[in-house]
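In what follows, a structure is listed as structure tokens, so that the remarks can point back to it.
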Amino acid sequence: MNLSFKEKVYKIVKQIPRGSVLSYKGVAKKAGRPKAYRAVGNILNKNYDKKIPCHRVVKSDGKPGGYNRGLKNKVALLKREGVIIRKRKVVR
DNA sequence: CGTATGACGTGCA
DNA sequence: GTGCACGCCATAC
């Protein structure tokens with residue numbers, strides 16, 4: 001594979017449609033490494049890119065997890081896109 | 001339900 | 001070359 005695991009993760013996250021969220025584990029699975037959910041969190045939190053809606057990636061519990069640009073901003077962005085946040089969790 | 005622990009894959013300093 | 005952080009799961013209390 002030409003692409004490193006992190007590059008695959010970026011590609012998956014970039015394909016997340018507006019108003020939708022995906023868990024770190026879900027991203028890892030789509031990236032071909034379902035057991036590397038830990039790595040996904042590490043990569044996305046440390047490597048923010050404007051082209052990557054990493055604010056649409058949350059924990060399996062629906063909790064926001066981490067965010068390089070500020071956790072409050074992450075929640076605000078999600079709400080702005082139509083994602084409802086209740087008790088620090090995503091309502092589904 | 002909240003807190004704690006152990007084990008895991010990957011990237012970075 | 002080494003250690004750290006990240007999130008998830010199971011188990012325990």
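When you line the first sequence up against the numbering used here, it's residues 1 to 92, in that order.
From the three backbone atoms N, C-alpha and C, an ideal C-beta is built for every residue, glycine too.
query                                                                                                         : result
Neighbourhood of residue 81 by C-beta, 6 Å cutoff - its chain only, sequence neighbours within 5 removed      : 18, 19
Beta-carbon proximity list for residue 63, same chain, < 7 Å, skipping 5 on both sides                        : 88, 89
Backbone secondary structure at residue 33 - three-state DSSP                                                 : coil
Buried versus exposed call for residue 32 [16 or more other C-beta atoms within 10 Å across all chains shown] : exposed
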